[in-house]
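What follows is a single structure, written as structure tokens, with notes after it.
In the numbering used here, the protein residues as written are 225 to 517.
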């Protein structure tokens, strides 16, 4: 049976590198779907792929569209019978000059609701020995959040419950009330935590059946990457390129499953603990992390 892989947010940066890395390590009879929200950019990215390896096919997928992931999953189910590798990499990036109040609704729609939509749509069509991996960050642990907020992400028992908590945070940022609470001003922190929480929630429901079928469901931190967006925040001159960063993620997708990785946030092959062992979090105050006053 040929392998079917899909990468979201794949027209540039890490997503594009993941498509190329998968394609070069798979066989000509396999298929890697390069997806994005702009059809022209999808087509250009597919045309620029180097020859050899798996066939790369472009598909339109805007994860901010409430039904897009479900529609594409149904198409791939009909076309191939299921999927073997899914990377959730679609992201709306935020810059230091962006006002969180102005961008948070669109940001959450892509980064968080886009993640839960992808999980709901593609988890049911995973074939045996498949991998469903959400690209997150080392910021996606409770270490970076005030303890008073931990239950927002550690308590929900379903993806719907988590979406509700994320919407509450989104609304608090948008109306300014988050400033008077314990929320960090850097919207990346709650967003990444919620992405990892989504993986953990789904994994709790699927652990037994996925284990029997050899399926890996995990979040992954690629580490700092040398991209123009990252350079707005940090000195990334010595950081790996997207192609270099993609290597370890492709290893995770195509290599043997480590049971310890299931449902966890993985970086460099190691699990990052979800919650602080000491009960104390490394929390950055709102005023120190908000980009605009």
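Note that CB positions come from ideal geometry on N, CA and C, so glycine has one too.
C-beta atoms of residue i and residue j nearer than 8 Å
{"i": "residue 469", "j": "residue 447", "result": "yes"}
{"i": "residue 242", "j": "residue 346", "result": "no"}
{"i": "residue 473", "j": "residue 444", "result": "yes"}
{"i": "residue 266", "j": "residue 235", "result": "yes"}
{"i": "residue 391", "j": "residue 338", "result": "no"}
{"i": "residue 369", "j": "residue 414", "result": "yes"}
{"i": "residue 228", "j": "residue 300", "result": "yes"}
{"i": "residue 442", "j": "residue 490", "result": "yes"}
{"i": "residue 351", "j": "residue 293", "result": "no"}
{"i": "residue 438", "j": "residue 353", "result": "yes"}
{"i": "residue 232", "j": "residue 298", "result": "no"}
{"i": "residue 306", "j": "residue 349", "result": "yes"}
{"i": "residue 332", "j": "residue 394", "result": "yes"}
Where residue i falls, given that 16 or more other Cβ within 10 Å makes a residue buried
{"i": "residue 416", "result": "buried"}
{"i": "residue 493", "result": "exposed"}
{"i": "residue 244", "result": "buried"}
{"i": "residue 291", "result": "exposed"}
{"i": "residue 282", "result": "buried"}
{"i": "residue 387", "result": "buried"}
{"i": "residue 254", "result": "buried"}
{"i": "residue 240", "result": "buried"}
{"i": "residue 303", "result": "exposed"}
Rounded straight-line distance, which links the Cα of residue j to that of residue i
{"i": "residue 483", "j": "residue 399", "result": "42 Å"}
{"i": "residue 434", "j": "residue 440", "result": "7 Å"}
{"i": "residue 362", "j": "residue 377", "result": "16 Å"}
{"i": "residue 426", "j": "residue 495", "result": "17 Å"}
{"i": "residue 177", "j": "residue 365", "result": "This structure leaves residue 177 out entirely; the chain is present only between 225 and 517."}
{"i": "residue 308", "j": "residue 259", "result": "16 Å"}
{"i": "residue 467", "j": "residue 449", "result": "9 Å"}
{"i": "residue 324", "j": "residue 336", "result": "15 Å"}
{"i": "residue 248", "j": "residue 381", "result": "39 Å"}
{"i": "residue 238", "j": "residue 436", "result": "31 Å"}
{"i": "residue 343", "j": "residue 423", "result": "8 Å"}
{"i": "residue 367", "j": "residue 246", "result": "32 Å"}
{"i": "residue 226", "j": "residue 278", "result": "10 Å"}
{"i": "residue 295", "j": "residue 261", "result": "14 Å"}
As assigned by DSSP and simplified to three states, the class of residue i
{"i": "residue 357", "result": "strand"}
{"i": "residue 257", "result": "strand"}
{"i": "residue 442", "result": "strand"}
{"i": "residue 351", "result": "strand"}
{"i": "residue 187", "result": "Residue 187 lies beyond the range of the chain shown here (225 to 517); nothing can be said about it."}
{"i": "residue 312", "result": "strand"}
{"i": "residue 249", "result": "helix"}
{"i": "residue 221", "result": "Residue numbering for the chain in the displayed model covers 225 to 517; residue 221 lies beyond these limits and cannot be assessed."}
{"i": "residue 481", "result": "coil"}
{"i": "residue 282", "result": "strand"}
{"i": "residue 300", "result": "helix"}
{"i": "residue 386", "result": "helix"}
{"i": "residue 318", "result": "coil"}
With a threshold of 8 Å, are at least 3 pairs of Cβ atoms found where one atom belongs to the stretch 364-378 and the other to the stretch 320-340? no
I'd like to know if the stretch 399-410 and the stretch 354-361 are in contact, where contact means that at least 3 CB-CB pairs between them fall below 8 Å. no
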